[in-house]
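A.B. asks:
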Amino acid sequence: MRGDDPWVTPDPLGEALHVLRMSGTFYVRSELTAPWGLTLPPDPGSLWFHVVNAGGGWLEIDGAESRYLRPGDFALLPHGQGHRLRSDPEVYAPRVETLPHHYASDRYAVLRHGGGGAATSVVCGTVRFGHPAARNLVALLPKIIVVEAPATPVVPPDVEWMQSTLRLIAAEATALHPGGEAVIIRLSDILVIQAIRAWIARDPAGQTGWLGALHDPRIGRAMSLVHRDPAGPWSVATLARAAAMSRSAFAARFTQLVGEPVMRYVTRWRMHVALDWLQQDDASVAALAARLGYDSEAAFSRAFKRTVGMSPGAARRSPPDTLPEPVRLATA
Numbered sequence: 005m006r007g008d009d010p011w012v013t014p015d016p017l018g019e020a021l022h023v024l025r026m027s028g029t030f031y032v033r034s035e036l037t038a039p040w041g042l043t044l045p046p047d048p049g050s051l052w053f054h055v056v057n058a059g060g061g062w063l064e065i066d067g068a069e070s071r072y073l074r075p076g077d078f079a080l081l082p083h084g085q086g087h088r089l090r091s092d093p094e095v096y097a098p099r100v101e102t103l104p105h106h107y108a109s110d111r112y113a114v115l116r117h118g119g120g121g122a123a124t125s126v127v128c129g130t131v132r133f134g135h136p137a138a139r140n141l142v143a144l145l146p147k148i149i150v151v152e153a154p155a156t157p158v159v160p161p162d163v164e165w166m167q168s169t170l171r172l173i174a175a176e177a178t179a180l181h182p183g184g185e186a187v188i189i190r191l192s193d194i195l196v197i198q199a200i201r202a203w204i205a206r207d208p209a210g211q212t213g214w215l216g217a218l219h220d221p222r223i224g225r226a227m228s229l230v231h232r233d234p235a236g237p238w239s240v241a242t243l244a245r246a247a248a249m250s251r252s253a254f255a256a257r258f259t260q261l262v263g264e265p266v267m268r269y270v271t272r273w274r275m276h277v278a279l280d281w282l283q284q285d286d287a288s289v290a291a292l293a294a295r296l297g298y299d300s301e302a303a304f305s306r307a308f309k310r311t312v313g314m315s316p317g318a319a320r321r322s323p324p325d326t327l328p329e330p331v332r333l334a335t336a
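Under the numbering used here, the first residue of the sequence shown carries the number 5, and numbering increases by one thereafter.
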């Protein structure tokens with residue numbers, strides 16, 4: 005284990021989220037006055053989020069219960085579904101892209117809209133995970149995750165950290181100082197990760213399947229090793245030793261928690277990485293095969309096609325949103 009690697013930590017879930025690489029795509033500071041309403045369109049492959057800085061409003065998404073958001077609330081819509089924000093459930097909500105925006109940059113805009121009444125300030129944004137495996141994590145998440153502002157004076161440290169971050173976003177959004185846009189973008193990305201972690205910690209669904217396996221001290225450690233070094237010469241025996249378990253006990257527990265045998269998981273994770281590299285890297289297929297520990301391009305191509313369902317060349321030419329899933333991580 006490398007001592008100089010800042011991502012070698014006892015937190016397999018944190019490592020997995022780091023590997024999945026999140027980046028923001030667009031942010032809007034919305035200055036709204038009642039009555040107001042907004043319809044936000046579907047954005048497949050993205051995660052919508054909303055930070056309420058002042059005022060409040062209703063968040064509505066088809067198939068889920070409406071939520072009233074108050075100052076200090078953070079709402080995440082992991083599946084990029086279209087939804088509505090409005091001051092009152094009966095208010096007309098035009099599509100947000102039809103309203104005039106002031107563009108501070110190609111990634112940050114200010115929207116002012118409404119009827120002149122009580123004011124509400126919201127920072128909205130979309131983010132994407134850069135790694136193909138992220139689609140499996142997102143599939144495990146509910147339609148809406150809301151981290152509410154604390155209602156009591158005694159606040160747990162992790163909640164206070166989020167609230168401090170939200171207050172900093174509110175201050176930057178109110179007076180966009182030089183560099184303020186970059187601050188909002190970076191802090192928003194962190195808040196998305198924190199919201200996912202908060203849901204995993206409190207929801208029973210976050211303790212099962214792939215997510216639950218990452219929480220297991222021994223199986224999570226083995227998974228981290230594979231995530232960190234997919235090209236490593238892994239076998240059931242080497243991973244069992246790393247987990248301080250017997251080979252048979254490790255193999256049985258890995259399959260029980262993750263939902264598939266360990267070496268099948270190793271292969272599928274390698275194909276996730278291969279998909280990512282094919283989309284991001286100009287290196288030859290032979291070079292990518294060598295980087296993933298395969299003895300030949302032919303062996304790699306066979307494993308890739310068997311797992312993904314298409315050749316590496318076809319995957320490289322395909323738009324990212326049309327790529328197939330090389331693995332569906334177990335939910336239970």
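Using N, Cα and C, we set each Cβ at its ideal position, and we do this for glycine too. Predicted, not measured: the structure shown is a model, and the values here were computed from it.
Tell me which residues share the same chain as Ala68 and place their Cβ nearer than 7 Å to its Cβ, disregarding the 5 neighbours each side in the sequence.
C.D. replies: Start at 1 with the first residue of the sequence shown, and residue 68 comes out as number 64. Excluding residues within five positions, the ones whose Cβ falls inside 7 Å are Lys147, Ile148.
A.B. asks: Look at the alpha carbon of Asp110 and the alpha carbon of His117, and state the distance between them as a whole number of angstroms.
C.D. replies: In the sequence shown, the residue the question calls residue 110 occupies position 106. In the sequence shown, the residue the question calls residue 117 occupies position 113. The straight-line gap from Cα to Cα measures roughly 20 Å.
A.B. asks: Mind checking who Leu36 pairs with in its DSSP beta bridge?
C.D. replies: Stepping through the sequence shown from its first residue, residue 36 is reached at position 32. BP columns for Leu36 point to His117, Thr124.
A.B. asks: Counting along the chain, where does the beta strand (DSSP E) carrying Val142 start and finish?
C.D. replies: Within the sequence shown, numbered from 1, the residue matching residue 142 stands at position 138. Note, Val142: premise wrong, no beta strand (DSSP E); alpha helix (DSSP H) at 138-143.
A.B. asks: Going by alpha carbons, who is nearest to Trp214 out of Glu185, Ala278, Val142?
C.D. replies: To locate residue 214, count along the sequence shown from 1; it is residue 210. Considering only alpha carbons, the answer is Val142.
A.B. asks: Going along the chain, which residues of its own chain have a beta-carbon closer than 6 Å to the beta-carbon of Ala175, five neighbours each way excluded?
C.D. replies: As a first step, residue 175 is located in the sequence shown; it is residue number 171 there, counting from the start. None.
A.B. asks: Can you name, in chain order, every residue of its own chain whose Cβ lies under 6 Å from the Cβ of Leu21, other than the five neighbours on each side?
C.D. replies: Against the sequence shown, residue 21 aligns to sequence position 17. Counting only Cβ-Cβ distances below 6 Å, and skipping sequence neighbours, we find Ile197.
A.B. asks: Alpha carbon to alpha carbon, how far is Ala248 from Arg222? Give it in angstroms, no decimals.
C.D. replies: Your numbering for residue 222 matches position 218 in the sequence shown. Your numbering for residue 248 matches position 244 in the sequence shown. In a straight line, the C-alpha of Arg222 is about 7 Å away from that of Ala248.
A.B. asks: Check this for me: beta carbons of Leu145 and Ser34, under 8 Å apart or not?
C.D. replies: Position 141 of the sequence shown, counted from the start, is the residue given in the question as residue 145. Position 30 of the sequence shown, counted from the start, is the residue given in the question as residue 34. No.
A.B. asks: Pick helix, strand or coil for Ala79, following the three-state DSSP scheme.
C.D. replies: The residue given as residue 79 occupies position 75 in the sequence shown. Strand, per DSSP.
A.B. asks: Once DSSP output is grouped into helix, strand and coil, what is the label at Ile4?
C.D. replies: Summary: the structure shown does not reach residue 4, with the chain confined to residues 5 through 336, and so no result is reported for it.
A.B. asks: Within 8 Å (strictly less), CB to CB, does Gly210 reach chain C?
C.D. replies: Of the chains in the structure shown, none is chain C; there is only one protein chain.
A.B. asks: Who are the Cβ neighbours of Asp9 in its own chain at under 6 Å, not counting the five residues just before and after it?
C.D. replies: Taking the first residue of the sequence shown as position 1, residue 9 is located at position 5. Reliability fails at Asp9, whose pLDDT of 43 lies under 50, so the model's placement of it is uncertain and the value that follows must be treated cautiously. Counting only Cβ-Cβ distances below 6 Å, and skipping sequence neighbours, we find nothing.
A.B. asks: Going by C-alpha distance, which of Arg321, Val100, Arg251 is nearest Gln284?
C.D. replies: Looking up residue 284 in the sequence shown gives position 280. Here the closest residue by C-alpha is Arg321.
A.B. asks: From what residue to what residue does the beta strand (DSSP E) around Gly216 run?
C.D. replies: For the purposes of this step, residue 216 is taken as residue 212 along the sequence shown, with counting starting at 1. That residue, Gly216, is in no beta strand (DSSP E); its alpha helix (DSSP H) goes 213-219.
A.B. asks: Answer with buried or exposed for Ser228, where buried requires no fewer than 16 other C-beta atoms within 10 angstroms of its C-beta.
C.D. replies: Your numbering for residue 228 matches position 224 in the sequence shown. Ser228 comes out buried.
A.B. asks: With DSSP run on the structure shown, which of helix, strand or coil describes Ser27?
C.D. replies: Here residue 27 corresponds to residue number 23 of the sequence shown, with the count starting at 1. Strand, per DSSP.
A.B. asks: Quick check on Thr102: buried or exposed, where buried means 16 or more other Cβ atoms within 10 Å of its Cβ?
C.D. replies: Position 98 of the sequence shown, counting from 1, holds the residue named residue 102. Burial call: exposed.
A.B. asks: Which runs of the alpha helix (DSSP H) at least 4 residues long sit entirely within the segment 192-264? Give them in chain order.
C.D. replies: For the segment 192-264, whole alpha helix (DSSP H) runs of length 4 or above, ordered along the chain, are 213-219, 221-232, 240-246, 251-262.
A.B. asks: Can you give the Cα-Cα distance for Gly60 and His219, rounded to whole angstroms?
C.D. replies: As a working note, residue 60 is residue 56 in the sequence shown. As a working note, residue 219 is residue 215 in the sequence shown. Cα to Cα, Gly60 sits roughly 36 Å from His219.
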